Every structure is written in C-alpha cells, then in structure tokens.
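Note sheet for the following structure.
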Amino acid sequence: MTQKKLIEYTNPSTSRRKITRIPIDSPDYPPLLKQIKDPPKIIYAIGNVRLLNKPAVAIVGTRQPSERGEYYAEKVAEFYAKQGFVIVSGLALGIDSIVIKTALKTGAHVIGVLPSPVNDIVPKSNEKLAEKIIRSGGLLISELPEGTKPKKYHFVRRNRIISGISFAVVVIESELKDGTMHTVKFAKQQRRIILVTNLPASGNAKLKNEGFPILDF
Numbered sequence: 001m002t003q004k005k006l007i008e009y010t011n012p013s014t015s016r017r018k019i020t021r022i023p024i025d026s027p028d029y030p031p032l033l034k035q036i037k038d039p040p041k042i043i044y045a046i047g048n049v050r051l052l053n054k055p056a057v058a059i060v061g062t063r064q065p066s067e068r069g070e071y072y073a074e075k076v077a078e079f080y081a082k083q084g085f086v087i088v089s090g091l092a093l094g095i096d097s098i099v100i101k102t103a104l105k106t107g108a109h110v111i112g113v114l115p116s117p118v119n120d121i122v123p124k125s126n127e128k129l130a131e132k133i134i135r136s137g138g139l140l141i142s143e144l145p146e147g148t149k150p151k152k153y154h155f156v157r158r159n160r161i162i163s164g165i166s167f168a169v170v171v172i173e174s175e176l177k178d179g180t181m182h183t184v185k186f187a188k189q190q191r192r193i194i195l196v197t198n199l200p201a202s203g204n205a206k207l208k209n210e211g212f213p214i215l216d217f
C-alpha cells in the first residue's frame, strides 16, 4: 500500500463514508422534525445519528458578517456549547463556519444540515470542516439521496430542517434579503423559540421590532 493510499484509508473523506438512511418511522428520526408541516420522508446521514434525539439549538446568520457579527457568533456558540446543547448549522460560509469551529473547539457536537447529498459537501471549501464535524462525533444530514444535483430551491428547503430539528433558533446577524430569514420564517411556522442578537442589521432590527427576545454579550 502506497503512503497516499494509507493516508486515504486511515483518513476517509465524507465522500467515502457510509451513509445511513433514516426513514420517518425509524426511532432514530428526530421527533421534533416529525412535527413540522412537511418533514422529509427520509434523512440521509453520516456520523452519530444519536444526536438527532438530543436537545439542539440552531445558530444562524449571514455569509458576510461584520466584526461584531463574528464576535457574537463565537460568544453565542461557546455559550450554548458549554450548556451541553447540540449545535445545528447549515455549514455555509460566514456565521455558520464560525459557529461550527467555535462549537468544536468548545467540545460540543455539531449537526451540519446540507443542501446537497451528505457525501457531496456544498460549499466545497467547507469539506475539511465537514470532516472535522464527523471526527468530533458529530453528524451530517440531508434529505437528498446520493447523486442528486442540488438546485437553488434545495438551499431554501434545507432551512426548514435546520429549524425543524432544533427547539430554538438564534439569529446572530442577518439582512432582510439573507437566506437566514428563510430559516426564521420556518421557525415561526414551526413555533420554535427565536432569539436575536442586538446588532443593527436589517433582519435583526425586524425581529427586535416584532418583539423576539434579545441576546446580548
């Protein structure tokens, strides 16, 4: 066995890991997700499926955070990680990536919810981060089977799963046009707890005006 093959064998990427198929009638299927309007009939997973039955908090935000947004992402992720919650994220750039890195550094488990099959990480630049989630005892999930090419609408529909498996959604920083607000819309429909940081972004301002509780650090 060559050195390259040995490294690949001992350090498998997500593209070569076993995919677990979790139908809606499985005991491993997240109970909160069953309660939403249109739950996935099947979840595809790589990693620790037991996390789907543990208390989870989704921490979401813009792909282009301000310095204060980055600060809040780290502080909020660290806070909930230290409380023992599973951290849920969309594995996007920006706030998502900061939240995941902070949660893993703090020792928390992370569930990454993908808009693509679990063995085809989107964005590609977060493949190593996805692998870190798995190696740290975390989980990657998607409603898309292997070989599916993700469409634009998959990114939006993914957000209903992010809020659906979580009992609370924390908005770090978001403009009204950001995809984060899709997650907020689903969280409202699903009657999840919604919290927002005290940042001046337009999405945050809207949520504060609607009376949602403010997190401050």
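Each residue of the sequence shown is one higher than the one before, counting from 1 in full-length UniProt numbering.
Positions of the beta carbon are idealized from the N, C-alpha and C atoms, including for glycine.
Quick caveat, the model's predicted, so the values are computed rather than measured.
Of the candidates 99, 36, 109, 45, 99 places its Cα closest to the Cα of residue 65. Per the DSSP secondary-structure output, residue 142 pairs in a beta bridge with 44.
Put simply, the backbone Cα of residue 21 is about 10 angstroms away from that of residue 49. Distance from the CA of residue 160 to the CA of residue 183, rounded to the nearest whole angstrom, comes to 6 angstroms. Residue range 56 to 60 is occupied by the beta strand (DSSP E) that includes residue 56, with no alpha helix (DSSP H) assigned at that position. Annotation: residue 189 to residue 124 spans about 31 angstroms, alpha carbon to alpha carbon. DSSP, reduced to helix, strand and coil, places residue 118 outside both helices and strands of the structure shown, so it counts as coil. Inter-segment contact for the stretch 117 to 134 and the stretch 168 to 181 is absent: fewer than three beta-carbon pairs are separated by less than 8 angstroms. In this structure, the CA atom of residue 82 is about 19 angstroms from the CA atom of residue 196. Under the 8 angstroms Cβ criterion, the stretch 41 to 57 counts as touching the stretch 136 to 146, having at least three qualifying pairs.
Just measuring C-alpha positions, the residue of 24, 26, 46, 217 sitting nearest residue 134 is 46. In the DSSP secondary-structure assignment, residue 195 is bridged to 170. For residue 22, the three-state secondary structure derived from DSSP is strand.
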